[in-house]
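Position 143 (the sequence shown) corresponds to 141 in the working numbering; numbering is contiguous. Using N, Cα and C, we set each Cβ at its ideal position, and we do this for glycine too. In this text the structure is predicted, and so the values were computed from the model without any measurement. Have a look at the structure below, then the notes.
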Amino acid sequence: MTTELQPTKKATRNYYSYSDTPWSIWNVLYGRRSHRKYDLFKPGRDLVDSLDKTRELACRTRGASLENIAVISDQDRVNELRLALFRSFQGGINSWLSVTKPWAIITVELDAGEMTADRPQLLPRVIMAMEDLVLWLAEQDMGTCWIGGFNDKAITGLLKAGEGRRVPLVIPVGKPVVSPGFNFDTFTAQSMSKRRKPLQKIASVESYSEPYSVPEISRKGFSASSRQGVPELLESIGGNNEKTCGADIDLIVDACLESARVAPSASNSQPWHFVVVRERGNLDKLAGCCGLDRNWKAAFVASGRTGKLISRLLEKPFWMIDVPISMSHISLMAASMECPVDVITDGIDEKAINSLVGLPGDERTVGVIGIK
Ligand SMILES: Cc1cc2nc3c(=O)[nH]c(=O)nc-3n(C[C@H](O)[C@H](O)[C@H](O)COP(=O)(O)O)c2cc1C
């Protein structure tokens, strides 16, 4: 493998320099990392209320239900859950929970059938809403860590989830012991805890077999939206934003791919692939496979590999978890450039999309993001 195709901690380019105005969503995307050590901290009423409001907004935007995402902040319950998560560990990966105290734990709760379905419907929507919360919490200088490495029977029982329900994922929230400064200069030194695959390895153009090549893009003529906060971006994804984005389409595509590249994934496995569709005929076919009549200027087919060992061991469909996390990033990034988007994960003709973009046999389409 040539050096440029190896995983790296470096940003693909200095995206900040492409906008005349502050493009500050990058601070959050690059600055977020998994925090596993928290200071003692008592949140103010404002933070707790805002977390609840953002939870409602994220659920509404992504089409999840409030019943799917709960914030547990009662300290006795947080402690009980933290210790149960640590005890139900698989391979000791969550022993850090025995020594640190989050001030809240956010839980995902779903019908058990969602976890075993050939194509879960609600799971990807709930996951996108959870990642929106993770990014909003990073914006508030709060640390989080997705946790999926546990046996959920004990946890589901402890949380008294109803018959036929499961709690497959949780996210502790705490004041991180070290809070890195969020800016481009400190990014390589502090922000990303692990390396990421380069864009050429995770993206293709029109067909899975045609690797994306990072283009030269002019730095002139683009102003990022003045609304860069996660809640504002969510409002614009969910609203009837009929504006059109003035940015060069190469920049839109490249920035969206970069935002996905730096997303968190279980064991940092980055099991995602994105086929960029720009050719008119393919775009029209793709919109048709999503049951839509749209004139997208570009679209991303986001896919993941099924049948991974970790999915079988933990009985969790990680392809429908990791890839939607990256789709939250792509849609927020598009909104930060004032690009209206369609985010579609269900009601699609999956076989037709897989074949349109030439996915290999073990790769499945998780969803499509269309840039209007
Ligand atoms: C679905 C999912 C499950 C995860 N499960 C665990 C876990 O059980 N324990 C843990 O310490 N980290 C867990 N992580 C955190 C990843 O290890 C982390 O996101 C990855 O190494 C990238 O590092 P970063 O988040 O700091 O960028 C999980 C992440 C995701 C997205």
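Can you tell me where the beta strand (DSSP E) with residue i in it begins and where it stops?
i	result
residue 201	201 to 203
residue 271	270 to 275
residue 361	361 to 369
residue 297	296 to 303
residue 173	163 to 174
residue 124	Looking at the DSSP string, residue 124 is not in any beta strand (DSSP E); the run it does join, the alpha helix (DSSP H), is 120 to 137.
residue 282	Not the beta strand (DSSP E): residue 282 falls in the alpha helix (DSSP H), residues 278 to 287.
residue 340	339 to 342
Taking the alpha carbon of residue i as the reference point, which residue from the options has its own alpha carbon closest?
i	options	result
residue 284	72, 160, 202, 349	349
residue 356	215, 81, 273	273
residue 250	354, 270, 204, 331	331
residue 73	172, 146, 32, 296	172
residue 210	218, 200, 216, 219	200
residue 22	64, 221, 317, 38	221
residue 334	45, 79, 234	234
residue 76	110, 68, 101, 67	101
residue 218	3, 212, 19	19
residue 223	169, 215, 241	241
residue 80	96, 66, 227, 276	96
residue 227	158, 56, 11	56
residue 260	280, 194, 71, 361	194
residue 238	93, 13, 370, 104	370
residue 82	326, 281, 327, 145	145
residue 105	117, 212, 164	164
residue 2	197, 26, 84	197
residue 31	66, 141, 110, 39	141
residue 342	207, 300, 276, 247	300
residue 208	52, 28, 365, 358	358
residue 108	158, 143, 360, 302	158
Ligand 1 and residue i: does any heavy atom of the ligand fall closer than 8 Å to the residue's C-beta?
i	result
residue 364	no
residue 384	Outside the displayed range of the chain (-1 to 370) lies residue 384, so it cannot be described from this structure.
residue 192	yes
residue 260	yes
residue 146	yes
residue 94	yes
residue 298	no
residue 263	yes
residue 319	yes
residue 84	no
residue 91	yes
residue 133	no
residue 384	Look at the range of the chain in this structure, -1 to 370, and you will see that residue 384 is not part of it.
residue 30	yes
residue 66	no
residue 104	no
residue 34	yes
residue 323	yes
residue 266	yes
residue 316	yes
If you count every other CB in all the chains shown that lies within 10 Å of the CB of residue i, and 16 or more means buried, which is it?
i	result
residue 91	exposed
residue 43	exposed
residue 5	exposed
residue 64	exposed
residue 34	buried
residue 47	exposed
residue 187	Its pLDDT being 41, under 50, residue 187 is placed unreliably by the model, and the measurement read from it follows with that caveat. Exposed, by the Cβ-count rule.
residue 189	In this predicted model, residue 189 has a pLDDT of only 45, less than 50, meaning its place in the structure is not dependable; the value taken from the coordinates is given anyway. Classification of residue 189: buried, given that the 10 Å Cβ count is 16 or more.
residue 393	The structure shown does not extend to residue 393, since the chain spans only -1 to 370, so no value can be given for it.
residue 139	exposed
residue 314	buried
residue 129	buried
residue 50	exposed
residue 184	Confidence at residue 184 is low in this model, with a pLDDT of 42, below 50, so its placement is unreliable and the value that follows should be read with caution. Residue 184 is exposed by the Cβ-count criterion.
residue 352	buried
residue 279	exposed
residue 176	exposed
residue 311	exposed
residue 277	exposed
residue 133	buried
Can you confirm whether residue i, when its beta carbon is compared against all beta carbons of chain B, has any partner nearer than 9 Å?
i	result
residue 257	This model lacks chain B altogether; it includes just one protein chain.
Which residue marks the beginning of the alpha helix (DSSP H) containing residue i, and which one marks its end?
i	result
residue 323	317 to 334
residue 155	150 to 156
residue 351	348 to 354
residue 309	307 to 312
residue 140	Note, residue 140: premise wrong, no alpha helix (DSSP H); not H, not E.
residue 115	No alpha helix (DSSP H) contains residue 115, which DSSP labels as neither H nor E.
Worksheet item: Going along the chain, which unbroken runs of the alpha helix (DSSP H) with 4 or more residues stay wholly within the region 4 to 45?
Response: 23 to 29
Worksheet item: Counting only runs that start and end within the region 202 to 263, where is the beta strand (DSSP E) found for 3 or more residues in a row?
Response: 205 to 209
Practice prompt. Would you mind listing the beta strand (DSSP E) stretches within the region 56 to 104 that are 3+ residues and don't spill past its ends, in chain order?
Written response: 67 to 70
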